[in-house]
Amino acid sequence: MLKQIEGSRAVAEAIAMCRPEVVCAYPISPQTHIVEALGESVKSGELANCEFINVESEFAAMSVAIGASAAGARSYTATASQGLLFMVEAVYNASGLGLPIVMTVANRAIGAPINIWNDHSDSLSQRDSGWMQLFAETNQEALDLHIQAFRLAEELSLPVMVCMDGFILTHAYERVDMPTQQQVDAYLPPYEPRQVLDPRAPVSIGAMVGPEAFMEVRYLAHAKQMQALERIPQLAAEFKQVFGRDTGGLTHTYRAEDAETIVVAMGSVLGTIKDTIDEMRDDGHKIGVLGITSYRPFPLAQVRAALQNTKRVVVLEKSLAVGIGGILSTDVRMALSGIQLHGYTVVAGLGGRAITRKSLHKLFREAEQDALQPLTFLDLDWNVVNKQLARERAGRRSGPAAENMLRDIGTVASKIA
Amino acid sequence: MDKPFAITLDPGSSLANHTGSWRTERPLYVDRMPPCNAACPSGENIQSWLFHAESGEYERAWRVLIENNPFPAIMGRVCYHPCEGACNRGQMDSSVGINSVERFLGDEAIKRGWKFDKPATLSGKRVLVVGAGPSGLSAAYHLARLGHIVEIHEAGPLSGGMMRFGIPKYRLPRDVLDAEVARILDLGVTLRLNTKVANIEQSIKQGGFDAAFLAVGAHIGKRAFIPAGDAARIVDAVSVLRSMEGEDKPMLGRRVVVYGGGNTAIDVARTAKRMGATEAIIVYRRTREKMPAHDFEVEEALQEGVLIKWLSTIKHADAHSLTVEKMVLDNKGVPQPTGEFETMEADSLVLALGQDVDLSLLQGVPGIEIKDGTVQVGSNMMTGHKGVFAGGDMVPSERTVTVGVGHGKKAARHIDAWLRGAAYEPAAKHELADFKMLHTWYYADAPKTVRPMLDMIRRQTSFDEVQGGLDETNALFEARRCLSCGNCFECDNCYGVCPDNAVIKLGAGKRFKFNYDYCKGCGMCVAECPCGAIKMVPEEI
Amino acid sequence: MPFQPIKFYQTGTFTVGNRLLNPDDRSVQSHQDRINSINSGHRACQGCGEALGARYALDAAMEATGSQLIAANATGCLEVFTTPYPETSWQIPWMHSLFGNAAAVATGIAAAMKVKGRSDVRVIAQGGDGGTTDIGFGCLSGMFERNDDVLYICYDNEAYMNTGVQRSSATPAAARTATTMPVGPNPGNVFGQGKFVPAIAMAHEIPYVATATVADLRDLEAKVKRAMEFRGARYIHILVPCPLGWGSASHDTIRIARLAHETGMFPVFEAEYGVQVSALPIREQLPVEEYLKPQKRFAHLFGAKPKLDMIAKIQERADRNIRKYGQAPQQEVV
């Protein structure tokens, strides 16, 4: 059924159809609308047999989900940015214990400076946490991926983050094809836990494991994600059978067959990139796109296969590993090990900075001419940066950088002075 | 269930880890000697029979008691209960009323007709017991239970000895005495009354006895030389008490003076009071603190109106008066004459200055050693004459019924061994369960049950028993005040306080054992054992 | 023999068991077939108060719930000494997640039980004082405030023992820990700091709050059973001496817990819906020195020159506890 609906609400409806049994809610923008909608469904009775718990922090949200999942309940929560960082200890714990929790991360920048807008710094900071991470390009994909995520998580007994760009997707009203409850029920069987706290068969979960077995436990977590590399495409295929849509999988290519330049990206920015590429293709440029849906596990083989015959790769990512550059691009380069080609890392859209088609046109053309720096910051205001660097060179007490730069730009904050 | 590797574990699997290897000291269950048992002249296992009484198992308690003493009903009335004096509970609130529980058990046994078990096998040996007093009857009882044929020769017309002829009825009703003696005779013991043994060697020979136990007592009242006029009426206490049993009650008059400071003096004074004397006055040469009589008896006598004249000696006796000299204690506590005299009215003077033994039956018997009027015996109660044992008041010791009963038991065990050509080796005594070994926090404070007393008037005018017995509620109460010093009473503390579950509870009556596979040797069980029945010992390497 | 109602003067109900009582009236710990929620073979130190307290509490809870119980455990000694791979001492369904989230994990378990229609299964969260009064305090308060159906038990040994005896917000004044050494002008833990979580729990007006010590098993068991009569958030704070951290003899664990109560150092009471409803009377109040002296963590108070002013301040605090919680010695009813 087609529906014009806000992304968060669409996701909430899809999650409700997955029949979660425990939902933990703690407000943080931009995921708040999802749990609000779920809370309403539970309260109204529309989502029956579900405990909606208003916790006191994200740390508690994940902890409650851990307890609920270990006790055999399908558990869900959502967070973003600082919230994800606040729960990090529990994030690692959930995966370490192999608990199939599904969590939406409405991707948002991490402060300081505090910033509520979109980039991928938050979930990418958790790339080694043992969670699987699936990135949605559209609201349709976001809601579909949640349905797949529960199935994937529970089959492998590993938690899954579904990452969707904050505001860009969460707050966007778009038309989506809303599945029916029958379809979801047909696709997603009830949760059958691999281990469960039950007085009828007591176990101790969460033992202290020493050097004699810790490596093996970690390896097994890795092996499971390797299994996921096989299961994710299968689950996407099964999804298509039930819902009739191509959603999910590990990667997607777009107009990349004969491309000499391939742009690699994740999330909603793929839409803008595809539009730009369509225009460039019309102008005869041999350029295509590789969209990565499964960031963890990272599909090294699929990425290599998609890129091995191209001349250059531009990884455009909404994240920055301070001190080295790209995060996604590191993984892409690993996939291309031993292959000679031009590779560029483009850091773009941090803290919600708009990524425009105009900027992308310019960027991709420079790339085709191999005129890009290996590490490029898209639309960086060098004027502001250089002024601040100069101030800092001039004296130790140069003042707070963010305030200084706002003053340079002449935005609201400068009026304070 | 397919459990995730390492992080999820099967329940209780830590049993594989034997933490007992950490231990440097190990706890051990012990049985220590409770002070009551240690103090009992009859060697009763008091803590043990109280243990059974605590749960209302009175017959079992009684059966444990009579292993050592066949007279609980009598003991419960006449024993001066040194056990209570030693009782550790006395240091907390007041001693357990052991004596009254004993009496309750004895009375229950009589009421319910409990009988002694007959011996399983008979030895065919014959033992002569001379004297049917507490010591002789006790020996006869134990010998009979050990399977020997016992014959008692008693010179007097009735059994009981001093229990009948020395202890007033108001302290020991005769039906109680008769019942407990009859139960011994029921075992098959032969009692020949009015059968005086003139010569022990002869009697043994004539009767074909394999051994003999002499317990003729000390019945001859000591006479002190008191210058007296012809009309003065001077009698001895033993005669007075003995004549109370016959038809001819002694004529003591309205004012009776008793000379002496022991329990017998008190008994006589109280008896005189009951016989109608308007005044019964005890004259004693020292002070109350120095008086050998038991304080509670002195107190009861005073309450009944007996008067006591301290620091006085009798110098002369006349028909209706006595001359008394006042004394003072010197700095060594010895009374010294002052030369101050006074006269007091008295219709009769009763001398309660102790008793002598009639040793005529031993005359000419080889090997017998007599010293200070008593027969000398070895640690096995045997005299210098082989096969002839002796006990009770005729041997050197404290002269009480309980001591006599103890002698009887001890002698019986040695005679039994001797008859088998062996020597009796008593079990090694356990270490004393000192008050310091107890963890008294666990015991609740409680007042001692005050025995119901007959009212004063009734006591003074009749020979009914002075002390009422406990009823079942009281007896249970009293028994349960026992601290069970040094002996496990299954309070479960060790079982509960072990942080390593290393104490195994074996079930009711079976106590506990340590599981040394897991005991880490922390010693908490020892520290928290209320009764001091566990100790730590170094672990052997 | 006809039944006679008897008051047991021998040991009353102070000992673990009493063979003279009806089996139903005996303590859980006295049962020959008791559950032993924590099995032998755990690696707690000799004389560990926490191992004891946890078995006391959980066995009582198991009995109260007909063995329908799940426990969540904070990181700490109790967790480490019971579940080192490949062995666990727990005989009940048990889970350890993190140091600071036991209350929240328990909330999740309780929610799962509710949604699964298994509300007969009850949930306990447990942790040491660090996991409760410090790092886990946020989750604890959240669980209280939502009135989640969880009994939280804090085993308070008054410092971070698992990491080597560092100060927590439950460490008493003057106590030596590795981070409050007995040096300088104010040796040991400072006066005027710390928090008493039972009082804070009461401020949440949750159905039930109680304190107990391992010295009075009957009291402890009664409180756990009472707690299980309520639905909603409940809190029991149990003082569990730590021979290692307190510098006391391993056999003195119970004695010291008893002294903590009898000196007034640790108030023992219970409260319902934020209002105190009972106090465990002190049989005979003892001076605080009796409690302090057997513990090396207070040894600096009793050197050649005893710190009388500090002892007096501790005594003042104990007296205030006794007044505040109404534990003054009572005439024992005979």
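Chains as they are written, first to last, in the numbering used here: chain A, 52 to 468; chain B, -6 to 534; chain C, 199 to 532. Glycine included, C-beta positions come from ideal geometry on N, C-alpha and C.
Any C-beta of chain C under 8 Å from that of residue i
i             : result
residue 7/B   : yes
residue 446/B : Residue placement at residue 446/B cannot be trusted, given a pLDDT of 35 that sits under 50; the coordinates are not used to answer.
residue 523/B : yes
residue 230/B : no
residue 108/A : yes
residue 451/B : Low confidence applies here, because residue 451/B scores a pLDDT of 29, under 50, leaving its location unreliable; read the following figure in that light. Answer no: the Cβ-Cβ gap between residue 451/B and chain C never drops below 8 Å.
residue 104/B : no
residue 122/A : yes
Neighbour flag for residue i against chain A, beta carbons, 8 Å
i             : result
residue 291/C : yes
residue 440/B : Confidence at residue 440/B is low in this model, with a pLDDT of 45, below 50, so its placement is unreliable and the value that follows should be read with caution. Not one chain A Cβ lies under 8 Å of residue 440/B.
residue 336/C : yes
residue 294/C : yes
residue 4/B   : yes
residue 286/C : yes
residue 299/C : yes
residue 267/C : yes
residue 443/B : A caution first: residue 443/B carries a pLDDT of 38, below 50, which makes its placement in the model too unreliable to give a value.
Enclosing beta strand (DSSP E) for residue i [first to last residue]
i             : result
residue 183/A : 183 to 186
residue 154/A : 153 to 158
residue 19/B  : 18 to 22
residue 126/A : 126 to 130
residue 480/C : Residue 480/C -> no beta strand (DSSP E), and no H or E assigned at all.
residue 489/C : Taken as a continuous stretch (DSSP letters only), residue 489/C belongs to no beta strand (DSSP E), being part of the alpha helix (DSSP H) at 486 to 490.
residue 271/C : 267 to 271
residue 196/B : Careful: residue 196/B lies outside any beta strand (DSSP E), inside the alpha helix (DSSP H) at 193 to 200.
residue 409/C : 406 to 411
residue 426/A : 426 to 428
Chain-ordered neighbours of residue i on chain B, where CB pairs are closer than 9 Å
i             : result
residue 533/C : The requested residue 533/C is not part of the displayed model; chain C covers only 199 to 532.
residue 234/C : 5, 494
Residue i: contacting residues in chain C (beta-carbon distance under 9 Å)
i            : result
residue 42/B : The premise fails here: residue 42/B is roughly 15 Å from chain C at the closest Cβ pair, so nothing lies under 9 Å.
Under 7 Å by beta carbon: chain B residues contacting residue i
i             : result
residue 246/A : -6, -4, -3, 1
residue 148/A : 0
Start and end residues, alpha helix (DSSP H) containing residue i
i             : result
residue 291/A : 265 to 294
residue 68/B  : 65 to 71
residue 373/B : It is not in any alpha helix (DSSP H) - residue 373/B carries neither H nor E in the DSSP assignment.
residue 114/A : 109 to 121
residue 326/A : 320 to 333
residue 312/C : 300 to 313
Supposed close pair residue i, residue j - CB separation, criterion 8 Å
i             : j             : result
residue 144/B : residue 183/B : 4 Å
residue 412/C : residue 355/C : No, residue 412/C and residue 355/C are not in contact; Cβ-Cβ is about 10 Å, not under 8 Å.
residue 300/C : residue 334/C : 6 Å
Contact set between residue i and chain B, taken where Cβ atoms lie within less than 8 Å
i             : result
residue 267/A : -2, -1
Partner residues on chain C for residue i, Cβ-Cβ distance less than 7 Å
i             : result
residue 516/B : 448, 449
residue 255/A : 281, 286, 288, 292
Any C-beta of chain B under 8 Å from that of residue i
i             : result
residue 240/C : yes
residue 209/A : no
Neighbour flag for residue i against chain E, beta carbons, 8 Å
i             : result
residue 217/A : Checking the listed chains, one finds no chain E in this structure; the protein chains it contains are A, B and C.
Report task. Count the C-beta pairs between the stretch 116 to 128 of chain A and the stretch 278 to 295 of chain C that are closer than 8 Å, then say yes if the count reaches three, no if not. Result -> Under the Cβ criterion (8 Å, minimum of three pairs), the stretch 116 to 128 of chain A counts as touching the stretch 278 to 295 of chain C.
Query raised in the report: Should the stretch 150 to 163 of chain B be called in touch with the stretch 416 to 432 of chain B, which here means at least 3 C-beta pairs below 8 Å?
Result: Contact between the stretch 150 to 163 of chain B and the stretch 416 to 432 of chain B is absent, because fewer than three Cβ pairs lie under 8 Å.
**Report entry** Contact between the stretch 390 to 409 of chain C and the stretch 420 to 433 of chain C (3+ Cβ pairs under 8 Å)
**Finding:** Yes: at least three Cβ pairs fall under 8 Å.
Query raised in the report: When the Cβ atoms of the stretch 377 to 388 of chain B are set against those of the stretch 399 to 409 of chain B, are three or more pairs found closer than 8 Å?
Result: Touching, yes, given that three or more Cβ pairs across the two stretches are closer than 8 Å.
**Report entry** Sufficient close CB pairs (3 or more, under 8 Å) joining the stretch 220 to 234 of chain C to the stretch 252 to 264 of chain C
**Finding:** For the pair of segments examined, the stretch 220 to 234 of chain C was found to touch the stretch 252 to 264 of chain C: the number of CB pairs separated by less than 8 Å reaches three.
Query - the stretch 390 to 398 of chain C contacting the stretch 478 to 491 of chain C, beta-carbon criterion three pairs below 8 Å - result: As far as the Cβ criterion goes, the stretch 390 to 398 of chain C does not touch the stretch 478 to 491 of chain C, which means the pair count is below three.
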